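Protein chains in written order, with numbering that gives the first Met the number 0: chain S, 0 to 401; chain B, 0 to 431.
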Amino acid sequence: MAGIRLEGVGKVYPDGRRAVAEVDLDIKDGEFLVLVGPSGCGKSTVLRMIAGLEEITEGKLIIDGQVMNDVAPKDRDVAMVFQNYALYPHMSVFENMAFGLKLRKMPKDEIQRRVDAAADLLEIEDYLDRKPRALSGGQRQRVAMGRAIVREPKAFLMDEPLSNLDAKLRVVMRTELTLLHERLGTTTVYVTHDQVEAMTLGQRVAVLKPLTGRRRETLQQVAPPAELFNEPANLFVAGFIGSPAMNLVTAVVEGSGTDVDVVFGGIRLRVDPRALQRAPGLSEFAGKEVIAGIRPGDFEHSRIARDNGARSTMEVEIEVVEVLGSESYVHFPVPVPPVITPDIEDLLADTGEDKETLLDEQSMFTARISPDVSVEPPERVTLVVDTARMHFFDPSTGDRIR
Amino acid sequence: MKRGKWLLAAAFLAPAIVVLVGLVVWPALRTIFDSFYGPAGKEFVGLDNYRDMFRFERMRIAIRNSFIWVIAFPFFVTITGLILAVLSERVRWRTAFRLMLFMPAAIAILSSGIIWRIMYEANPERGAVNALLNIPASMFSPPGDLAGATPSTDAAFDRDGLIVSLDVGRDGGTVLVGMIGIREDEIPESAVQASSIADSPEPPGAGTLVGVVWRDARPGENERGVVEAGEFGIPDVVVRLIDAQDQELATGVTEPDGSFRITGIEPGAYRARIPASEFREPWGGITWLAPELATMSAIIAGIWIWGGFALLVIASGLASIPRELQEAARVDGANEWQVFRRVTVPLLAPVLGVVFVTLTINALKMFDLIIGIAPGSVQDEANVIALEMWRTAFTGLGNRGLGSAIAVFLFLLILPVMIFNIRRFRIEEERR
């Protein structure tokens with residue numbers, strides 16, 4: 000077991016294409032860290048650089064206090080679990096798990112002991128003689144895990160290990176992974192594009208962003224899941240974490256002191272003092288535009304909303320209702336153009352599209368409300384906003400206003 | 000209605016059946032039939048042909064050679080293809096590289112054989128293979144300045160070189176060593192008109208020996224043993240002065256005009272030796288198509304022809320191996336050789352099997368390459384079964400019965416390989 004540190008790690012391919020830039024990460028001994036981001040953000044590349052399968056072109060990789068940049072994968076003492084499991088099809092389950100140990104010339108009885116222990120842990124004792132071909136997806140996944148466990152490596156590297164499983168099995172395996180990590184306590188770096196996986200598994204989560212336009216760093220924020228959700232560092236993290244996504248709107252800040260309102264599209268919301276406390280920088284934006292963010296969960300129907308002393312209401316016309324049973328999502332238009340974040344601008348610049356084409360008269364908001372109130376489109380309802388939990392971002396940089 | 004369907008099916012199948020029966024089934028049956036008959040196909044001889052064919056020395060050599068082909072050819076071609084496929088995987092221009100290596104397969108095998116016959120010429124000046132080998136050969140044992148030359152003056156060869164007897168008087172001595180048998184184009188560029196120093200009326204002086212080594216020949220008339228105008232000295236020849244006990248006393252090296260000078264010698268009778276290395280012949284090359292080498296040489300040509308085929312098939316198999324498997328092995332602790340040996344090769348096994356079996360069948364029916372590569376004089380020695388079958392049946396007097404018997408024998412040899420192949424295909428199909 001060991002800590003892993005990345006210092007200014009970057010990856011530029013020989014053809015000049017850049018995949019990763021300036022990643023600084025300090026993964027503690029025994030930590031479960033998740034790398035999450037949309038496709039193309041370089042999360043797998045970072046993992047493969049830690050494994051040694053991809054050359055590190057910039058920065059330093061330190062495992063257990065030793066610089067590993069030029070160390071061959073076989074000498075890094077890390078174990079990797081691949082998305083498609085990468086089981087050796089010509090070897091039995093036992094041989095698959097024993098392969099790495101045999102290569103290290105471990106005595107036979109020790110190999111037997113370790114494989115048996117891992118098989119027992121993963122409940123695959125009955126399949127040891129089978130070839131991977133004869134296993135189900137879930138069983139293959141366990142064998143791939145077992146192959147990593149028997150090595151007793153300094154760290155586990157997992158590249159979307161659950162994404163080939165069906166939804167139900169994925170939930171089961173997620174829990175098992177957490178239990179496994181609790182038992183073994185091995186440093187784990189886990190790559191996923193699934194934010195639910197990231198939030199449920201990670202002790203800390205690192206959000207990565209594809210490299211576009213001006214902002215040239217891959218890593219956006221590293222934080223425990225709750226912090227990521229409650230205090231996203233910028234618009235990218237705010238938009239990526241949370242489902243449905245946070246509602247973002249360009250609003251004007253009015254008032255000062257403790258009486259601050261945000262105004263957008265004829266709607267005026269009184270900002271709760273607690274939100275002001277968390278974002279003292281907001282006072283500098285008096286009379287100016289900010290980007291305000293409201294999570295769908297911070298709405299409630301006025302009929303059942305509990306009074307938390309931080310109320311502000313907006314009256315909207317419901318367009319679509321999705322009933323999920325335990326909650327309902329209501330979608331309604333707000334008469335302001337959608338927020339063009341710096342990322343969206345960069346994307347537009349990259350694709351050569353004109354910014355104006357995206358300008359719409361109105362943006363769609365989503366609110367999560369209790370299923371106990373029935374609403375029918377096109378009903379006009381009053382929604383209560385928990386403005387204590389509002390988020391504010393600087394429109395010029397996209398960073399959170401603190 | 001049912002009848003109409005049957006007719007339709009028959010109509011569609013008929014052309015194929017006609018072709019199959021006419022061109023495959025009938026000739027095959029006819030060959031088996033013929034193998035029980037005599038040379039002209041008239042009198043029934045039973046199994047005599049099958050007994051007789053093993054009595055001929057030529058056929059025994061053919062069987063032995065076919066055996067060598069089957070053992071060596073598929074093995075080396077598959078190994079070559081595997082190595083090239085793995086190596087070329089990391090080459091930037093791998094498609095071009097692989098295409099180039101595959102090109103020999105586009106040449107008619109008979110033509111390839113002829114190309115290789117020319118490349119295998121023994122004389123390094125004509126055969127490409129020996130020309131290549133000549134580079135290191137002439138580096139480690141360079142041909143002498145006097146290669147192929149014989150003396151025109153009084154001298155005799157012994158084991159260590161050319162011996163000339165001479166006397167050194169009170170005023171010194173002179174010696175002339177004329178050489179003939181050096182072609183005009185073999186005269187070194189540095190050579191100049193041979194020195195007349197030995198003919199000078201003035202003696203060389205006390206204790207001094209002067210001599211000339213020269214090409215005792217010129218266009219037109221010339222007198223043996225006399226240095227004449229238009230005759231060239233031979234430079235850089237080592238001349239050793241030895242006494243009666245064969246002890247070396249002094250050494251001289253000839254100038255561009257062929258003269259050398261050795262000083263500080265007591266008067267007396269001596270001998271001079273030009274060492275054997277000066278007479279060393281240029282390397283003559285290996286006779287690749289000599290009877291005992293011809294089969295090996297033909298197999299090498301075979302590797303050249305089929306190596307590209309093996310490369311392409313194996314490379315496509317290699318491309319279908321998921322990259323993660325090799326990466327997983329690397330992270331598991333395997334070095335590149337272990338990845339190759341324990342993961343890549345086992346996963347390639349089905350492809351290697353296909354290549355190997357195809358090449359085994361090719362080796363058994365090898366025919367046109369031998370005809371192309373082996374000159375008539377060594378065809379008996381480079382013979383293989385298929386070639387012997389053709390020679391027996393269609394050349395000379397033409398013994399159809401015996402030729403047919405050899406054909407059936409060859410068929411029986413190929414049969415197990417075919418069955419193995421078909422069975423494997425079936426297994427693979429089931430697995431899918």
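Ideal placement from N, C-alpha and C gives every residue a C-beta, glycine not left out.
From a predicted model like this one, the values you see are computed outputs, not experimental measurements.
Query raised in the report: Can you tell me whether DSSP reads R270 (chain B) as helix, strand or coil?
Result: If DSSP states are grouped into helix, strand and coil, R270 (chain B) belongs with the strands.
Requested in this report: Indicate whether the contact test is met: 3 or more Cβ pairs, each with one atom in the stretch 260–274 of chain B and one in the stretch 39–50 of chain B, closer than 8 Å.
Outcome: The stretch 39–50 of chain B and the stretch 260–274 of chain B do not touch, with fewer than three beta-carbon pairs separated by less than 8 Å.
Report task. Could you name the residues of the same chain whose beta carbon sits closer than 7 Å to that of R113 (chain S), not counting the 5 residues immediately before and after it, in chain order? Result -> Only L100 and V149 meet the Cβ criterion.
Query - Contacting residues, own chain, Cβ-Cβ under 7 Å from F72 (chain B) (five flanking each side not counted) - result: Apart from the 5 residues on each side of it in sequence, F72 (chain B) sits with its Cβ closer than 7 Å to the Cβ of I298, G301, L358 and A362 in its chain, given in chain order.
Requested in this report: Would you verify that the beta carbon of V77 (chain S) is, or is not, closer than 8 Å to some beta carbon of chain B?
Outcome: Yes, V77 (chain S) lies at the interface with chain B (some Cβ there is under 8 Å from its Cβ).
Query raised in the report: How many angstroms separate the CA atom of I31 (chain B) from the CA atom of G375 (chain B)?
Result: Rounded to whole angstroms, the gap between the alpha carbons of I31 (chain B) and G375 (chain B) is 29 Å.
Requested in this report: Give the single residue among S:V322, S:E6, S:D63 and S:R401 whose Cα lies nearest to the Cα of F284 (chain S).
Outcome: Ranking the options by Cα distance to F284 (chain S), first place goes to S:R401.
Query - Span of the alpha helix (DSSP H) around P345 (chain B) - result: V344 to L363 is the span of the alpha helix (DSSP H), which, as asked, contains P345 (chain B).
Report task. Using a Cβ cut-off of 9 Å, pull out every chain S residue sitting near E326 (chain B), in sequence order please. Result -> Those are R47, A50, L52, P72, M79, F81 and A85, listed as they occur along chain S.
**Report entry** Chain-ordered neighbours of G99 (chain S) on chain B, where CB pairs are closer than 7 Å
**Finding:** Simply D331 and G332.
Query raised in the report: Any idea if E280 (chain B) is buried or exposed, counting beta-carbon neighbours within 10 angstroms, 16 or more meaning buried?
Result: Exposed is the call here.
Query raised in the report: Rounded C-beta distance between G112 (chain B) and G306 (chain B)? I'm assuming under 8 Å.
Result: Under the criterion of beta carbons closer than 8 Å, G112 (chain B) and G306 (chain B) do not qualify as touching, at roughly 16 Å.
Query - Supposed contact pair D170 (chain B) and A148 (chain B) - C-beta distance, whole angstroms, cut 8 Å - result: Not confirmed; about 31 Å, so no contact.
Query - Below-8 Å beta-carbon distance, L102 (chain S) vs any chain B residue - result: Taking a beta-carbon distance threshold of 8 Å, L102 (chain S) counts as an interface residue toward chain B.
**Report entry** Same chain only: Cβ atoms within 8 Å of G136 (chain S), ignoring 5 sequence neighbours per side
**Finding:** Taken in chain order, the residues that qualify are N163, L164, D165 and L168.
Query raised in the report: Which of helix, strand or coil does DSSP assign to N233 (chain S)?
Result: Annotated three-state conformation of N233 (chain S) is strand, per DSSP.
Report task. For D250 (chain S), name the three-state secondary structure that DSSP assigns. Result -> Looking at the sequence provided, one finds Ala at residue 250 (chain S) rather than Asp. Shown here, A250 (chain S) sits in a strand according to DSSP, grouped into three states.
Requested in this report: Check whether the Cβ atoms of M138 (chain B) and V128 (chain B) lie closer than 8 Å to each other.
Outcome: Between M138 (chain B) and V128 (chain B), the gap from beta carbon to beta carbon reaches 8 Å or more.
Query raised in the report: For N233 (chain S), does the count of other Cβ atoms within 10 angstroms reach 16, so buried, or fall short, so exposed?
Result: Flag for N233 (chain S) reads buried.
**Report entry** Local conformation of K10 (chain S) per DSSP, three classes
**Finding:** DSSP places K10 (chain S) within a strand segment (E or B) once states are collapsed to three.
Report task. May I ask you to verify whether the stretch 55–69 of chain B touches the stretch 383–392 of chain B, counting CB pairs closer than 8 Å and requiring at least 3? Result -> Three or more beta-carbon pairs separated by less than 8 Å link the stretch 55–69 of chain B to the stretch 383–392 of chain B, which places the two stretches in contact.
Query raised in the report: Quick one: which chain S residues come within Cβ less than 7 Å of Q337 (chain B)?
Result: The answer, in chain order, is L102.
Query raised in the report: Do you know how far the Cα of G265 (chain S) is from the Cα of E378 (chain S)?
Result: Cα-Cα distance, rounded: 19 Å.
Query raised in the report: If we cut at 8 Å on Cβ distances, does P88 (chain S) have a partner in chain B?
Result: At a cut-off of 8 Å between beta-carbon atoms, P88 (chain S) makes contact with chain B.
Report task. Pick out whichever of B:F366, B:W303, B:A146 and B:Y49 has its Cα sitting closest to the Cα of T77 (chain B). Result -> Of B:F366, B:W303, B:A146 and B:Y49, the residue nearest in Cα terms is B:W303.
Query - Separation of V174 (chain B) from A216 (chain B), as counted between CA atoms - result: Rounded to the nearest angstrom, the gap between the Cα atoms of A216 (chain B) and V174 (chain B) is 18 Å.
Query raised in the report: Taking V377 (chain B) as the reference, which of B:L288, B:A249 and B:K364 has the closest Cα?
Result: For the set B:L288, B:A249 and B:K364, the Cα lying nearest the Cα of V377 (chain B) is the one of B:L288.
Query raised in the report: According to the Cβ coordinates, are V11 (chain S) and G41 (chain S) closer than 8 Å?
Result: Not in contact: V11 (chain S) and G41 (chain S) (Cβ atoms no closer than 8 Å).
**Report entry** Straight-line gap, G257 (chain B) to I186 (chain B) (C-alpha atoms, nearest Å)
**Finding:** G257 (chain B) and I186 (chain B): Cα-Cα distance of roughly 12 Å.
Query - Contact the stretch 73–87 of chain S vs the stretch 108–123 of chain S: 3+ CB pairs below 8 Å - result: Segment contact: the stretch 73–87 of chain S against the stretch 108–123 of chain S, fewer than three CB-CB distances shorter than 8 Å; contact not assigned.
Query raised in the report: Which residues, taken in chain order from the stretch 378–403 of chain B, show a beta carbon closer than 7 Å to some beta carbon of chain S?
Result: Those residues of the stretch 378–403 of chain B that come within reach of chain S (Cβ to Cβ, closer than 7 Å) do not exist; the list is empty.
Report task. Tell me, to the nearest whole angstrom, how far the beta carbon of W115 (chain B) is from that of M365 (chain B); I am working on the premise that it is less than 8 Å. Result -> At roughly 14 Å, the Cβ-Cβ gap does not stay under 8 Å, so W115 (chain B) and M365 (chain B) are not in contact.
Query raised in the report: Between A208 (chain B) and R239 (chain B), what straight-line distance do the alpha-carbon atoms span, to the nearest angstrom?
Result: One point to set straight first is that residue 208 (chain B) is Leu, not Ala, in the sequence displayed. In a straight line, the C-alpha of L208 (chain B) is about 12 Å away from that of R239 (chain B).
Query raised in the report: Touch check for the stretch 233–247 of chain S and the stretch 381–398 of chain S: three-plus C-beta pairs under 8 Å?
Result: The answer is yes - the stretch 381–398 of chain S touches the stretch 233–247 of chain S, with three or more Cβ pairs under 8 Å.
Query raised in the report: Taking the C-alpha atoms as reference points, what is the distance between G412 (chain S) and E288 (chain S)?
Result: Nothing about residue 412 (chain S) can be read from this structure; chain S reaches only from 0 to 401.
**Report entry** Any non-hydrogen atom of the ligand GTP within 7 Å of F75 (chain B) CB
**Finding:** As far as ligands go, the structure on display features none, and thus does not contain the ligand GTP.
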